[in-house]
């Protein structure tokens with residue numbers, strides 16, 4: 001299915017369920033860090049910080065990568 005103006009890889013992605021949207025909103029309100037790959041930035045600290053937030057929400061296994069890379 002082609003949708004004009006939308007990249008094909010984005011158009012084929014499944015949408016989030018209502019529960020997933022709620023949890024993503026909660027994760028966003030926890031002020032997750034943003035990784036900019038600056039030379040002074042520590043990638044390990046970024047990963048640990050995101051992991052702690054996702055663990056608190058019980059989302060490490062189910063949505064950890066999705067939420068961290070968004």
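In my numbering, the protein residues as written are 1 to 70.
Think of the CB as a built atom: it goes at the ideal place given N, C-alpha and C, for glycine as much as any other residue.
Since residue i is in the alpha helix (DSSP H), which residue starts that stretch and which ends it?
i          : result
residue 56 : 43 to 57
residue 23 : 18 to 29
Could you tell me whether the Cβ atoms of residue i and residue j are closer together than 8 Å?
i          : j          : result
residue 16 : residue 27 : no
I'd like the list of long-range same chain contacts for residue i, defined as Cβ closer than 6 Å, with 5 residues on each side in sequence excluded.
i          : result
residue 49 : 33
residue 60 : 54
residue 38 : none
residue 30 : 53
Might you give, ordered along the chain, the residues of its own chain that have their beta carbon closer than 7 Å to the beta carbon of residue i, omitting 5 neighbours on each side?
i          : result
residue 57 : 23, 26 and 27
So, at 8 Å on beta carbons, what are the nonlocal neighbours of residue i in its own chain, with the 5 sequence-adjacent residues on each side left out?
i          : result
residue 18 : none
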